[in-house]
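In the working numbering, the protein residues as written are 55 to 217. Contents: one structure, followed by commentary.
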């Protein structure tokens, strides 16, 4: 095993993009990069409330992957922006499945980071037959009590000048 650090892949442009009607008055923005017909992969961004970025395309070798990035409901270029109506984990899982179906993929690699790791796990549990591989980084699995402590008491007590 090599000890050298790997860098991101070169910057690339999306070769296709659009809006997908996922119901409940929501449209999710999606884009596709890499090589059409290569190994399908979907990237799930963090948040909640995050967005995709051109740097996320650089996580995948564009010669080997057909990459789908999308802004989750209420995020980024998706509409309505910043809406919480009809916007639950299970709505997002259904959106991922609609996106997979729209792309015509039988299975795909599911890659999630931070909040996206939780969403990736929920999708894989709900649709295991549609996941070829699962990659999670910066996993986010706090309970409601831990989340409330973190945002309401923990950080503000430990770093009052920063929070």
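Each residue gets a CB set at the ideal place from its N, CA and C atoms; glycine is no exception.
* Asked: For residue 69, which of 77, 113 and 122 has the nearest alpha-carbon?
  -> 122
* **In DSSP terms, what residue 84 is bridged to** => 72 and 124
* **Continuous beta strand (DSSP E) stretch holding residue 186: start and end** => 185-191
* Does DSSP put residue 210 in a helix, a strand or coil? -> helix
* To do: Would you mind sorting residue 149 into buried or exposed? The rule is 16 or more other CB atoms within 10 Å of its CB.
  => buried
* Asked: By a C-beta neighbour count over all protein chains shown, 10 Å radius and 16 as the cutoff for buried, is residue 83 buried or exposed?
  -> buried
* Closest by C-alpha distance to residue 79, when choosing among 106, 131 and 127 -> 127
* To do: Drop a sphere of 10 angstroms on the beta-carbon of residue 85, count the other beta-carbons inside from all chains shown, and report buried for 16 or more, exposed for fewer.
  => buried
* **Selected residue, minimal CA-CA separation from residue 186, among 145, 117, 160 and 166** => 160
* Asked: Helix, strand or coil: which one does DSSP assign to residue 161?
  -> coil
* Asked: What number of angstroms, rounded off, separates the C-alpha of residue 197 from the C-alpha of residue 204?
  -> 10 Å
* Asked: Do you know offhand how far residue 274's Cα is from residue 214's?
  -> This structure does not reach residue 274, given that the chain is present from 55 up to 217, and the question cannot be answered.
* DSSP-derived helix/strand/coil call for residue 95 -> strand
* Which class does residue 61 belong to by DSSP, given the choice of helix, strand or coil? -> coil
* Please name the residue, chosen from 103, 111 and 104, that lies closest to residue 64 on a Cα-to-Cα basis. => 111
* Do residue 120 and residue 93 have their C-beta atoms within less than 8 Å of each other? -> yes
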